[in-house]
Structure formats: structure tokens, C-alpha cells
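Asks: For reference, the structure I am asking about is given below.
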Amino acid sequence: MKVPKDADRDFTAGAYIVKDGRVLLLNHKKLDMWLQPGGHVEEGETPTETAKREVLEETGHEISIVGSVEEYGDGSTDLPEPFNVNLHRIKDGHWHLEFQYMGKITGRVNDYEYSEEDIEWFSKSEIEELDDIPENARRAALKALEKY
4 MKVPKDADRD
14 FTAGAYIVKD
24 GRVLLLNHKK
34 LDMWLQPGGH
44 VEEGETPTET
54 AKREVLEETG
64 HEISIVGSVE
74 EYGDGSTDLP
84 EPFNVNLHRI
94 KDGHWHLEFQ
104 YMGKITGRVN
114 DYEYSEEDIE
124 WFSKSEIEEL
134 DDIPENARRA
144 ALKALEKY
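Residue numbers for the sequence shown follow the working numbering, beginning at 4 and rising by one.
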């Protein structure tokens, strides 16, 4: 799949969090579908910083990203590898390239965007039967459950 030459493309990042055989998803406010926490990479952010920030803002969970960081003396750094990278069309002329990471909960805050009714933990069978989830998000959630 190629992004058309005249299309806009945004970089996004998010995290799948698996706990006790269940994966965390949000009922997205604007799209009214179940997705992993995530959002646009902001100026000056790495995709891993975006994933951590978005999970915290949306769910109140502080997370660490699964994987290692390797810093080199030459000023370069290898970031944790995403467990999945997805390119998808949002609408005609607009695409998202999304870096999807695995996250581990390290803490919790009490102030976040989504209500408790819009944050749920899903089992494999529940994800397989969800109607209101994009197929790319379903595949990634099932892959996360399989791997972690």
C-alpha cells in the first residue's frame, strides 16, 4: 500500500497494555469505536514518548514501553521497537502511520480524559466478537494478547 503523493500523512503512536490475559481498549469519543490509547506525535516527541503521554492522558495509567533503549556516544539512540507499525487511511487524502508499542503499567493518576465506562479490558474471545473495532486494531489487539 502506498500513500498517494498528494495525501497528508500524520505520525501517530499508541500502546497496547495486556494484563491478566486481557487487553485495554478505549471507546474512542470521536469515532465511537474501540481502539488502543494513542494519538498524534507532537513536535519534539519521539513515538515512545507519545505512546506514554497518550496512555496517561486518556486512561490515567503511567506506563513503561516494553523494549530497550540503547544510547550511543555519537548522540544517537535506538528506541524500543514497536511490536507493530500500521499504515491506514483516515479519509480521502489523509493517512496515519502508527507506531504501536506494548506498555506495562507502572502507576496510576486520578485525572484522565475517558470515563470508566469507556475504558475496558477485553479477552481474546471478546475482541474476536466486537463489532465496533477496525480490523487493523482487532488484529493488533489479538497479536498483543498472543505475544504478551
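Virtual Cβ for every residue (Gly too), placed ideally from N, Cα, C.
Just curious, the beta strand (DSSP E) that ILE122 is in, first and last residue?
Replies: Segment 122 to 125, the beta strand (DSSP E) holding ILE122.
Asks: Please name the residue, chosen from ASP11, ALA16, VAL21, that lies closest to GLU123 on a Cα-to-Cα basis.
Replies: The option with the nearest alpha carbon to GLU123 is VAL21.
Asks: Determine the extent of the alpha helix (DSSP H) in which SER148 is found, giving its start and end residues.
Replies: Contrary to the premise, residue 148 reads as Leu rather than Ser in this sequence. Residues 138 to 150.
Asks: Are there 16 or more other CB atoms within 10 angstroms of the CB of MET105, so buried, or fewer, so exposed?
Replies: Buried: at least 16 other Cβ atoms inside 10 Å.
Asks: Give the range of the beta strand (DSSP E) segment to which LYS196 is assigned.
Replies: With the chain running from 4 to 151 in the structure shown, residue 196 is simply not present.
Asks: If you reduce the DSSP assignment to three classes, tell me which class THR80 lands in.
Replies: Note: THR80 maps to strand in three-state DSSP.
Asks: Taking all protein chains shown into account, decide if THR80 is buried (16 or more other Cβ within 10 angstroms of its Cβ) or exposed.
Replies: Exposed.
Asks: What number of angstroms, rounded off, separates the C-alpha of LEU145 from the C-alpha of LEU27?
Replies: Spanning the two alpha carbons is a distance of roughly 11 Å.
Asks: CB-CB under 7 Å to ARG25, same chain, minus the five flanking residues each way: which ones, in chain order?
Replies: The answer, listed in chain order, is TRP124, PHE125, SER126.
Asks: Between the alpha carbons of TYR117 and ILE130, how many angstroms are there, rounded?
Replies: Distance between the alpha carbons of TYR117 and ILE130 is about 20 Å.
Asks: Leaving out five residues before and five after GLU74 in sequence, what residues of the same chain have Cβ atoms less than 7 Å from its Cβ?
Replies: Cβ neighbours of GLU74 beyond the five flanking positions: THR80.
Asks: Thinking just about the alpha-carbon of each residue, which of ASP135, ASP23, GLY70 is nearest to the one in LYS33?
Replies: Looking at the Cα atoms, ASP135 is the closest of the given residues.
Asks: Any contact between the segment 87 to 106 and the segment 39 to 56? By contact I mean 3 or more CB pairs, one from each, below 8 Å.
Replies: With the cut-off at 8 Å, the segment 87 to 106 and the segment 39 to 56 touch.
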